[in-house]
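Step one of this worksheet: look at the structure below.
2 protein chains.
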Amino acid sequence: MPFDQKSREDFFKRARKKVTIAISSRDNILIQCVGAVDELNKSSNLIFERLTEWYGMYFPEFKTADNAKYVQGVLIIDRKKPDLAELEKVFGPQAPTIMGRMKVSVGTGLSDEDLARIRLLAKEIQSLWSLRDEIEKYEAAVATELCPNLSYIAGSELAAKLVAQAGGLQRMATFPSSTIQVLGAEKALFKHLKSGSKPPKHGLIFQHAMIGKSPKKARGKIARSLAAKLTIASKADALSHNFIAEKLKAQFEVQAKRILADQEKRQ
Amino acid sequence: MPFDQKSREDFFKRARKKVTIAISSRDNILIQCVGAVDELNKSSNLIFERLTEWYGMYFPEFKTADNAKYVQGVLIIDRKKPDLAELEKVFGPQAPTIMGRMKVSVGTGLSDEDLARIRLLAKEIQSLWSLRDEIEKYEAAVATELCPNLSYIAGSELAAKLVAQAGGLQRMATFPSSTIQVLGAEKALFKHLKSGSKPPKHGLIFQHAMIGKSPKKARGKIARSLAAKLTIASKADALSHNFIAEKLKAQFEVQAKRILADQEKRQ
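As you go down the protein sequences, you meet chains A and B in turn.
Position one of the first sequence corresponds to residue -18 (this note's numbering), numbered consecutively onward.
Position one of the second sequence corresponds to residue -18 (this note's numbering), numbered consecutively onward.
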């Protein structure tokens, strides 16, 4: 028997509601933030490379360790009117070196028209950076609210990335510790499964200071310990909503210290 | 005998001058412009995709054929306060459809905080677009000045791309017509040379209206004719600096018409 008009409409209503619930979860916003930050970084890197190449026509000797300073330099340096005071505001003690290089530069004298376009590029890069910072700040706030336990142990930035990589908090709460340990290292994991190369010791959680800064030999064990605590934390965030992270973090720190001490003894 | 201090300095001076000349040529600016436009396009596409995905949480039924309109929509649409007059300013006769979709949307109600970040993304995209337009305009002006013959026949945008692809105007002037015909189709050309697939009929010059809009069977011949004229034009721009493009363009148009007429007869 075909559905009558009334039931048909009821079914539509219920389906609509389900779709709304599926896309309304807060972790979806976290996933969007992580993706947006990633894409803003890619874009600004791409345009920054172009800036260095283009500006290199004008002042190829200009180099800075810090990209933000380079962009500022592009905006203020005028080879026709060298201004030490202006340079010192941005570059401090490096300013005289830059002045010296300016005077012997082999760069070509670009017209004001040309320079104006290069500076527009530089301003665009600054704008991309500040938007990235803004979204990162927002991402941290959402992470702290959505997964306080994960954020407390891993830091809000890493917590956001883990949730995004897992495809949502509810999904992450179903993962075993071994999966969370290598989350983000899927490529190395599948290489291991296919060709028998060494399995990855850590994925995204490598970004945690306790892992990245530890000696190589201890990293695998510390990663396992951290992943175990994050697994419990993700279940607390997704299901029980209790805040148990202080205890978990303390336990992890004790374990990590012991692993590092054992490691030193063996050497 | 080692050089004395004086000759050493003289040599340095001469070397410096040569470097300056090498990077000062105007076609280098053209190359930078073409690259920058390309990268601004890539970046804005990347961020636009993120925008549609993120905004899709809020109003998944919102679709426009035109990306610029989509971005404008993101900036003005407020599902809590539907405003037909505001919508009509941007979308004209489409506005009522959008209003209708807004009312039955399955999208989730994002907070103002969330929407503010999405709108920042939208504004960034607009800013990338307007910078791209600005650099494209500048690129056209430089091309018209640097290679008036090429620009007259191919249009300044295509001329700029050809010069950039060739690695400079002087280099382009040494190319035979067959190279200019497939400039930008290097991948297809080398595939042809390696595996004997069909050779490419056209590279960048496909963008010329006379080729892209002609029937497929005539394109190869028209491309050959256009490439021949562009080859002469590039030599005039790089070496003799005479303006001979009017004659060349007229000749090309006669040839193209004949090729099209022949093609029609054969069918």
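Positions of the beta carbon are idealized from the N, C-alpha and C atoms, including for glycine.
Nonlocal neighbours in the same chain, by C-beta distance under 7 Å from residue i, ignoring five residues either side
{"i": "I225(B)", "result": "N130 and A217"}
{"i": "R205(A)", "result": "Q162"}
{"i": "N48(B)", "result": "F29"}
{"i": "A214(B)", "result": "N130, L131, I134, A226 and L229"}
{"i": "L220(A)", "result": "A154"}
{"i": "K(-6)(B)", "result": "none"}
Sequence-distant residues of the same chain with beta carbon closer than 6 Å to residue i, five excluded per side
{"i": "A141(A)", "result": "L11, V15, E120 and A124"}
{"i": "L170(A)", "result": "V163 and P181"}
{"i": "E117(A)", "result": "V18"}
{"i": "S195(A)", "result": "I203"}
{"i": "A208(B)", "result": "S158, I161 and Q162"}
Collapsed DSSP secondary structure at residue i in the structure displayed
{"i": "Y39(A)", "result": "coil"}
{"i": "V87(B)", "result": "coil"}
{"i": "R239(B)", "result": "helix"}
{"i": "Q56(B)", "result": "The sequence as given places Leu at residue 56(B); Gln does not occur at that position. Reduced to three states, the DSSP call for L56(B) is helix."}
{"i": "F187(A)", "result": "helix"}
{"i": "C14(A)", "result": "helix"}
{"i": "S178(A)", "result": "coil"}
{"i": "Q248(B)", "result": "coil"}
{"i": "H222(B)", "result": "coil"}
{"i": "G81(A)", "result": "helix"}
{"i": "F156(B)", "result": "coil"}
{"i": "L143(A)", "result": "helix"}
{"i": "D93(B)", "result": "helix"}
{"i": "A124(B)", "result": "helix"}
{"i": "P74(B)", "result": "helix"}
{"i": "G193(B)", "result": "helix"}
{"i": "L229(B)", "result": "helix"}
{"i": "A169(A)", "result": "helix"}
{"i": "K61(A)", "result": "coil"}
{"i": "G201(A)", "result": "helix"}
{"i": "D47(A)", "result": "coil"}
{"i": "S6(B)", "result": "coil"}
{"i": "D(-9)(B)", "result": "helix"}
{"i": "D19(A)", "result": "helix"}
Own chain, CB closer than 8 Å to residue i, minus 5 neighbours either side, in chain order
{"i": "L56(B)", "result": "R100, A103 and K104"}
{"i": "L65(B)", "result": "A76, P77 and M80"}
{"i": "R60(A)", "result": "Y39, F40, M83, S86, G88 and G90"}
Rounded C-alpha distance that separates residue i from residue j
{"i": "E115(A)", "j": "T160(A)", "result": "31 Å"}
{"i": "R31(B)", "j": "S24(B)", "result": "11 Å"}
{"i": "K44(A)", "j": "F29(A)", "result": "13 Å"}
{"i": "T78(A)", "j": "G88(A)", "result": "16 Å"}
{"i": "F72(A)", "j": "A147(B)", "result": "39 Å"}
{"i": "L185(A)", "j": "S(-12)(A)", "result": "48 Å"}
{"i": "T256(A)", "j": "A154(A)", "result": "The question about residue 256(A) has no answer here: the residues shown for chain A are numbered -18 through 248."}
{"i": "S6(B)", "j": "E94(A)", "result": "15 Å"}
{"i": "R(-3)(B)", "j": "E42(A)", "result": "12 Å"}
{"i": "G37(B)", "j": "K50(B)", "result": "15 Å"}
{"i": "Q53(B)", "j": "I106(B)", "result": "10 Å"}
{"i": "Q244(A)", "j": "G177(A)", "result": "27 Å"}
{"i": "H183(A)", "j": "H173(A)", "result": "13 Å"}
{"i": "T62(A)", "j": "M83(A)", "result": "For the record, residue 62(A) in the displayed sequence is Lys; it is not Thr. Spanning the two alpha carbons is a distance of roughly 10 Å."}
{"i": "S137(B)", "j": "R152(A)", "result": "53 Å"}
{"i": "E67(B)", "j": "I58(B)", "result": "9 Å"}
{"i": "G201(B)", "j": "S158(B)", "result": "13 Å"}
{"i": "K197(B)", "j": "F187(A)", "result": "55 Å"}
{"i": "N223(B)", "j": "K210(B)", "result": "14 Å"}
{"i": "Q(-14)(B)", "j": "K(-1)(B)", "result": "20 Å"}
{"i": "T33(A)", "j": "L27(A)", "result": "10 Å"}
{"i": "G193(A)", "j": "S108(A)", "result": "31 Å"}
{"i": "E69(A)", "j": "A46(A)", "result": "16 Å"}
{"i": "F233(B)", "j": "F156(B)", "result": "19 Å"}
{"i": "A242(B)", "j": "K175(A)", "result": "60 Å"}
{"i": "V235(B)", "j": "E(-10)(B)", "result": "59 Å"}
Rounded distance between the beta-carbons of residue j and residue i, thought under 8 Å
{"i": "Y133(A)", "j": "L96(A)", "result": "With a Cβ gap of about 49 Å, Y133(A) and L96(A) do not count as contacting."}
{"i": "L112(A)", "j": "L21(A)", "result": "6 Å"}
{"i": "A190(A)", "j": "I240(A)", "result": "Contact flag wrong, Cβ pair sits at about 15 Å."}
{"i": "A259(A)", "j": "I203(A)", "result": "What is shown of chain A runs -18 to 248, which leaves residue 259(A) out entirely."}
{"i": "L143(A)", "j": "A135(A)", "result": "7 Å"}
{"i": "Q149(A)", "j": "D8(A)", "result": "It should be noted that the sequence gives Gly, not Gln, for residue 149(A). Yes, G149(A) and D8(A) are in contact; Cβ-Cβ is about 5 Å, under 8 Å."}
{"i": "Q248(A)", "j": "W35(B)", "result": "Rounded, the Cβ-Cβ distance is 49 Å, inconsistent with contact."}
Under 7 Å from the C-beta of residue i: neighbouring residues of chain E
{"i": "N9(B)", "result": "The structure shown contains no chain E; the protein chains it does contain are A and B."}
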